[in-house]
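Engineer: One line per chain: the protein sequences are A and B, in this order. Residues in the first sequence are numbered consecutively from -9, following the numbering used here. Residues in the second sequence are numbered consecutively from -9, following the numbering used here. Once you've had a glance at the structure underneath, I'll fire off some questions.
2 protein chains.
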Amino acid sequence: MSNAPKINPDQLWQDLMALACLGATAQGGCDRLSLTEADAAARNLFRLWCEDAGFTVRVDAMGNMFARLEGADPSLPPVLMGSHLDTQSPGGKFDGPLGVLAALEAARAIGRTGTRTRRAIEIVNWTNEEGARFAPGLMGSGVFAGAVTLEAAHAAQDRAGDSFGAALKRIRYLGEEPVGGREIDSYVELHVEQGPELERTGTTIAAVSHSNYLVYITVECLGANGHTQATHFATQRNALLGSAKALVEIERIATTLESRAAVSQLDVWPNNRVNVPHRTTFSVMMVEPQKEKMLALRGQILAALDSIGTEMGLTFTIRADATREPVIFPEEMVTLIEDVSKDLGHSVMRLSANTGHDALSMGPICPTALIFVPSRDGISHSDYEYTSPDHCAAGAEVLMHAVLRRANRT
Amino acid sequence: MSNAPKINPDQLWQDLMALACLGATAQGGCDRLSLTEADAAARNLFRLWCEDAGFTVRVDAMGNMFARLEGADPSLPPVLMGSHLDTQSPGGKFDGPLGVLAALEAARAIGRTGTRTRRAIEIVNWTNEEGARFAPGLMGSGVFAGAVTLEAAHAAQDRAGDSFGAALKRIRYLGEEPVGGREIDSYVELHVEQGPELERTGTTIAAVSHSNYLVYITVECLGANGHTQATHFATQRNALLGSAKALVEIERIATTLESRAAVSQLDVWPNNRVNVPHRTTFSVMMVEPQKEKMLALRGQILAALDSIGTEMGLTFTIRADATREPVIFPEEMVTLIEDVSKDLGHSVMRLSANTGHDALSMGPICPTALIFVPSRDGISHSDYEYTSPDHCAAGAEVLMHAVLRRANRT
């Protein structure tokens, strides 16, 4: 095994820090929303690094980028590994880039051995995982897996009315390759946990067994406008005040049920000092492992909206209502991550995913594994996101060996 | 008195309805924010009507418009009457335009008699009374009265970053006349009540005796961003949830004190579904007749912000803090409105003002009167604002005769 591939931890860390320069925030994070100039710069640099390592990059009509390490038998479907280079605004240095750059370093390490794997291996950078500029997230992988149409994705608009399709073309990443529609042997993704469990338990690696219910509801609240100063609160049909009561009630319900619900987005019309707000929209997100509890959480929240509406003369209407059903990863893939971790001497545990990942898009179309490494203080979607160089390297090692086993299996 | 001037109620109503076509909303209101194309159109039409009636229009460097009916003694300071043509978004047909168009019809009626008043009379359209696009409101009259500098007003920006000065120039209403700095005999303004008292008591006219304390506080709330799904509400330093709690608490405090406080403006960062909001700003408005109660209201609200901040790990910081002290109109001016109303056979009562008016700018620099006529259901700053033709005409008659007595007095 003197020829066993070895990732270079320093190279991986150096690449992560270099990429973090693109869209860097003053607080040490990244603001690299999908299809912005910063995202374009990150893509260009990633392409250069792939080409420097001898991998040709192909781009599909969603801007998804694939760098292929050819296999001994090119007729076999490839093993994919990757994640995304876009971030939240602000986001950190690790959520997304770690999975792409660990895949790049793994591919370079395999390439350095001078041997071929049985199946080809492809590094992938999925477009718009975050959904922070163009909703919803998991867009590039969603179209690849056939869960979202190319037309719907290209028509998605940001708040300024710019379309995904136009922005993709403008940054020159509207590729010619068709999106998906080809056989994939398996998909392995490395990501930061974005939660506190690995750190709390002192574990290095998580093998993700499944995702939880993710429910997104967009609510419109209608009241009546008027002059803020001329009337008492009590006589106003104030959509903002009603929404504030709803937010407080949603917290109370989630806490009582020991479940998770959050409102992080709220828009107000006309949003000036002297007009009673006659309209708001807000999005409620719920995460819950158990179906019955998810239904209870959802039901109690909707009942609370009805009750506040009746009390205050407001109308709450559900404008969008999406449930992402749990994705259960195959036992063989979960075991693969556990086995590889143990063989490499890393502690490993099973976890479920509370957050969206491109692996959730891929799960339905091929055997998929999702690997987590620790997030300091459980923080992500933040300037202060941090995963240590050792944990990044450990994750990259597990990723590489899991992919090698998939690519070489007979 | 066969030569006594008489306003034409049909003409006044026709002018109100014609002006309401400019920036008309589908719901029957108006969206004519200051210095927009709709405001420019309203100004152009108002100027045309003034010139048709033989009055020359002058424009000052704030875009304030003055149409003068010369007096027998041009050396005496003029009596001003008017209000504003801009509206909220959405606003109605009456808040503002009634005072300007009643003044125009009053001036036409006086002109039709072929006699001259002792002092000149000027109709005025004040720029940006509403402050809905460029904050704060009462801007044109505020600069005229020396309460705001011309430089500060021109530098005010809307949400798109457009400056007041640039917008004023673009609509061609950056006039050459200096702003204010001249002696004014007195100012009389007709406005809709924007409250329910006249309707509730079946009274036609209010002589406004004074304004109440108006307190505006802008609050910034800072928390910490993060991933909404990855953490429980309970562990988030969620600035939006903290602000929602603050809004609910502000309502409770105002209701308990039988006073008025409202939040109508709230902005959230980064305002997307998967990021815990780390920052909000919101504006608290308070209206209260009594100083002690205003101080109690203010004190309890600030204490509530501190308490919520401590409980949730948030920082609430006051970013702007303005108190508009009560303006007390001279007894002679209040009595003038009462006397004229009674002489014309209209029921009249005294009221205080809970809302901002250009008359509050003018009060400190000349004897000022403010006349209210009923608002249906007390509604204003709304598409559904309505004042009947009879009430509009009654208000115009009182305005005209009050101005005549001021202009002709020896």
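Positions of the beta carbon are idealized from the N, C-alpha and C atoms, including for glycine. Please read all numbers here as calculations on a predicted model, not as lab measurements.
1) Just to confirm before moving on: does the CB-CB distance between D76(B) and D29(B) stay below 8 Å?
2) Could you check where the beta strand (DSSP E) with V133(B) kicks off and where it finishes?
3) Run down chain B in chain order and give the residues with a C-beta less than 9 Å from the C-beta of N54(A).
4) Kindly list, in the order they appear in chain A, the residues whose Cβ is closer than 7 Å to that of G185(B).
5) Which of helix, strand or coil does DSSP assign to A16(A)?
6) Taking CB distances under 8 Å as the criterion, tell me whether Q4(B) reaches chain A.
7) From the beta carbon of E241(A), is the nearest beta carbon of chain C less than 8 Å away?
8) Can you confirm whether the segment 123 to 131 of chain B touches the segment 335 to 349 of chain B when touching is taken to mean that 3 or more C-beta pairs between the two stretches lie within less than 8 Å?
9) Taking all protein chains shown into account, do 16 or more other C-beta atoms lie within 10 angstroms of the C-beta of S(-8)(B), making it buried, or fewer, making it exposed?
10) Hey, L326(B) and E387(B) are a contact pair by Cβ (cut 8 Å); roughly how many whole angstroms apart?
11) Spatial neighbours of F272(A) within its chain, please: C-beta separation below 8 Å, excluding the five flanking residues on both sides.
12) Nearest-angstrom Cα distance between V69(A) and V393(A)?
13) Can you check DSSP and say which residues form a bridge with V412(A)?
14) Hey, how far is the Cα of F56(B) from the Cα of A93(B)?
15) Identify the continuous alpha helix (DSSP H) that holds V393(B) and give its terminal residues.
16) Under a CB-based cut-off of 8 Å, is K281(B) close to chain A?
17) Who are the neighbours of R309(A) on chain B, taking C-beta pairs under 8 Å?
18) Which of the residues in the segment 327 to 346 of chain A, read from start to end, lie with their CB under 7 Å from any CB of chain B?
19) Indicate whether G353(B) and G185(B) have their beta-carbon atoms separated by less than 8 Å.
20) Contact check, S372(A) vs P87(A) under 8 Å by CB: the rounded distance?
21) Run through the DSSP bridge pairs and tell me what P199(A) is partnered with.
22) Would DSSP call C211(B) helix, strand or coil?
23) Give, in chain order, every residue of the segment 367 to 383 of chain A whose Cβ lies closer than 7 Å to some Cβ of chain B.
24) Does DSSP put T191(B) in a helix, in a strand, or in coil?
25) On the three-state DSSP scale, how would you describe I327(A)?
26) In chain B, which residues lie less than 8 Å from P260(A) when you measure between Cβ atoms?
27) Just confirm the distance between the C-beta atoms of V182(A) and F84(A), as a whole number of angstroms; I'd bet it's less than 8 Å.
28) Ignoring anything shorter than 3 residues or poking outside the segment 15 to 60 of chain A, list the beta strand (DSSP E) runs there in chain order.
29) Using DSSP with H/G/I as helix, E/B as strand and the rest coil, what is V238(B)?
30) Tell me, please, which residues DSSP counts as bridged to D311(B).
31) Could you pull out every residue in the same chain whose Cβ sits closer than 8 Å to the Cβ of D63(A), ignoring the five residues on either side in sequence?
32) For N265(A), go through chain B and note every residue whose CB falls closer than 9 Å to its CB, in chain order.
33) Could you give the C-beta distance for V169(A) and V198(A), rounded to a whole number, given that I count them as a contact under 8 Å?
34) Straight-line CA distance for N118(A) to Q78(A)?
Structural biologist: With the given structure in hand:
1) yes
2) Careful: V133(B) lies outside any beta strand (DSSP E), inside the alpha helix (DSSP H) at 129 to 134.
3) None at all; the shortest Cβ gap to chain B is about 21 Å.
4) A220
5) coil
6) no
7) In summary, chain C is missing from the structure at hand, where the protein chains are A and B.
8) yes
9) Interpretation of S(-8)(B) is limited by its pLDDT of 49, a score under 50 that renders its predicted location unreliable; no figure is taken from the coordinates.
10) Contact doesn't hold; Cβ gap of about 14 Å is too wide.
11) T208, V209, C211, S233, A236, L237, V253, Q255, L256, D257
12) 7 Å
13) Limits of chain A in this structure are -9 at one end and 400 at the other, which puts residue 412(A) out of reach.
14) 11 Å
15) 379 to 398
16) no
17) Chain B residues near R309(A): none, gap ~13 Å exceeds 8 Å.
18) N344, T345
19) no
20) With a Cβ gap of about 15 Å, S372(A) and P87(A) do not count as contacting.
21) For the sequence presented, residue 199(A) should be read as Ser rather than Pro. The partner list for S199(A) (beta bridge, DSSP) is empty, contrary to what the question assumes.
22) strand
23) G368, I369, S370, H371, S372
24) helix
25) helix
26) Q78, S79, P80, A122
27) 5 Å
28) 46 to 49, 55 to 59
29) helix
30) I207(B)
31) R108, R109
32) Q78, S79, P80, G81, A122, S254, Q255, H371, S372
33) In fact, because the Cβ distance is near 25 Å, the residues do not count as touching under 8 Å.
34) 10 Å
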